[in-house]
Amino acid sequence: AEIFSQGVEAVKLRGKADIGEKTMLDTLIPVAISLNSDVANNVSFDQILDNVANEAIKGMESTKDLIASKGRASFLGERAIGHIDAGARTSQLMICAIVDVLRQK
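In this text, residue positions in the sequence shown follow the working numbering: the first is 50, and each later residue adds one.
Printed below as a string of structure tokens:
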């Protein structure tokens, strides 16, 4: 959980972005928060996987109604409203793929 959070923090610093700016961070930050909370509260491994996948999906979907202020979509302005951010979607797909593999173990 700590390593994942440090990775997310590095992405934040590199991109000078944060949650709510229609980027991959809208997926990654909620996942990191959920993961840290679940580990701290000794939540079962299977439940952690469920929570991580759900947070990734919710975070990705939250970008649909945002105006992109960072990243490649920022030049679209209000035209980006109604579309899911590509980086958020890609992050969600990667996280859910990892969750699927971990469930098979």
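Positions of the beta carbon are idealized from the N, C-alpha and C atoms, including for glycine. All values derive from a computational prediction rather than experimental measurement.
Here F53 is not near A89, since their CB atoms are 7 Å or more apart.
Remark: C-beta atoms of T72 and S140 do not approach each other more closely than 7 Å. G108 is positioned such that its CB atom lies closer than 7 Å to that of P79.
In this chain, the alpha helix (DSSP H) harbouring G136 covers A135 to Q153. Just so you know, the alpha carbons of R152 and L142 end up roughly 15 Å apart.
The continuous stretches of alpha helix (DSSP H) do not include R121, and DSSP gives it neither H nor E. DSSP, read as helix, strand or coil, puts E70 in coil. At the C-beta level, A137 and L125 stay beyond 7 Å of one another.
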